[in-house]
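Participant:
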Amino acid sequence: TSLCTDNAANMELAKRMLLTTYPKLLTSSCFAHFIELIVKDILDLPFFKAPLNKACKVVRKVRASPFLRSKLAEAVPDKKRLTLFCKTRWETAFACLDTVLDNEEGLKVLCATQRTDMLSVYSIILSDESFWDSIRMAR
C-alpha cells in the first residue's frame, strides 16, 4: 500500500503518524506538485512576471471588446486568438505570451488605427519595443 501527498507540514506529520502504525506503508511526494511549485516560482521571477502582467492587460482589453477583437482579426486574420493567463493553469502563461507575440503586428496596427481612450494606456505598452523584447526573452 502506498500514499502520495504534497509536502505540506500537515501531510508530512500524517505520513509519520501512519508509518508508526503501518511501517510497511510506502510514502512519496507528488511529483506533479513539485513541478507546479517550480513553475510558480519561475512565473514569479521579474523577467517573466513583468511582461506577463503587461501582456495580460492587453489581452483582457482586447478580449473584452468585440470591436477590438474584430479589428484585430481583420488586421491579422490567420493568427491565433489571444490567450489569457489563468493562475490555476500555468501553461496558459506561455500561451498568453506566445499569442501576444504571434499577434504583434496586428496589435501594433490596432493601436495605430484605433485612437480611443480605451487604448491609450495599452498603446504605450504595445509601442514600447522593450515590451516585445521582454516577451521574446521570457519565451
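In the numbering used here, the protein residues as written are 58 to 196. From the three backbone atoms N, C-alpha and C, an ideal C-beta is built for every residue, glycine too.
Which class does Ser86 belong to by DSSP, given the choice of helix, strand or coil?
Facilitator: Here residue 86 refers to the residue found at position 29 when the sequence shown is read from its first residue. Annotated three-state conformation of Ser86 is strand, per DSSP.
Participant: Just to confirm the assignment, what range does the alpha helix (DSSP H) spanning Cys168 have?
Facilitator: On the sequence shown, residue 168 is found 111 positions in, with the first residue counted as 1. First-last of the alpha helix (DSSP H) with Cys168: Glu161 to Thr170.
Participant: Can you have a look at Leu229 and say buried or exposed, based on whether 16 or more other CB atoms are within 10 angstroms of its CB?
Facilitator: A query on residue 229 cannot be resolved here, the shown segment of the chain reaching from 58 to 196 and no further.
Participant: With a cut-off of 8 angstroms on the beta carbons, I'd call Cys168 and Ser180 a contact; round off their distance for me.
Facilitator: For the purposes of this step, residue 168 is identified with residue 111 of the sequence shown, where counting begins at 1. For the purposes of this step, residue 180 is identified with residue 123 of the sequence shown, where counting begins at 1. Yes, Cys168 and Ser180 are in contact; Cβ-Cβ is about 4 angstroms, under 8 angstroms.
Participant: Using the C-alpha atoms, what's the distance from Lys106 back to Arg146?
Facilitator: Within the sequence shown, the letter at position 89 stands for residue 146. Within the sequence shown, the letter at position 49 stands for residue 106. Cα to Cα, the separation comes out at about 15 angstroms.
Participant: Are the Cβ atoms of Leu164 and Val115 separated by less than 9 angstroms?
Facilitator: Along the sequence shown, read from residue 1 onward, the residue named residue 164 stands at position 107. Along the sequence shown, read from residue 1 onward, the residue named residue 115 stands at position 58. For Leu164 and Val115, yes; Cβs fall inside 9 angstroms.
Participant: Looking at Ala152 and Thr140, is the spacing between their C-beta atoms short of 9 angstroms?
Facilitator: Residue mapping note: residue 140 aligns to position 83 of the sequence shown, counting from 1. Residue mapping note: residue 152 aligns to position 95 of the sequence shown, counting from 1. Yes, these two residues count as a Cβ contact at 9 angstroms.
Participant: I'd like the list of long-range same chain contacts for Ala150, defined as Cβ closer than 7 angstroms, with 5 residues on each side in sequence excluded.
Facilitator: By one-based count along the sequence shown, residue 150 stands at place 93. Taken in chain order, the residues that qualify are Leu100, Leu109 and Phe142.
Participant: What three-state label does DSSP hand Arg47 in the structure shown?
Facilitator: Here the chain covers residues 58 to 196 and nothing more, so residue 47 does not appear.
Participant: If contacts are defined as beta-carbon pairs under 8 angstroms, then Ile192 and Val166 qualify, I think. What distance do you get, rounded to the angstrom?
Facilitator: Indexing the sequence shown from 1 puts residue 192 at position 135. Indexing the sequence shown from 1 puts residue 166 at position 109. About 17 angstroms; that fails the 8 angstroms criterion.
Participant: I need the DSSP call for Ser59, collapsed to helix, strand or coil.
Facilitator: For the purposes of this step, residue 59 is taken as residue 2 along the sequence shown, with counting starting at 1. Strand, per DSSP.
Participant: Report all residues from its chain with a CB closer than 8 angstroms to the CB of Glu162; omit the five preceding and five following residues, and keep chain order.
Facilitator: Taking the first residue of the sequence shown as 1, we reach residue 162 at position 105. Counting only Cβ-Cβ distances below 8 angstroms, and skipping sequence neighbours, we find Ala132 and Val133.
Participant: Hey, would you say Asn160 sits closer than 9 angstroms to Lys137, going by beta carbons?
Facilitator: In the sequence shown, counting from the first residue as 1, residue 160 sits at position 103. In the sequence shown, counting from the first residue as 1, residue 137 sits at position 80. Their beta carbons are under 9 angstroms apart, which means Asn160 touches Lys137 by this criterion.
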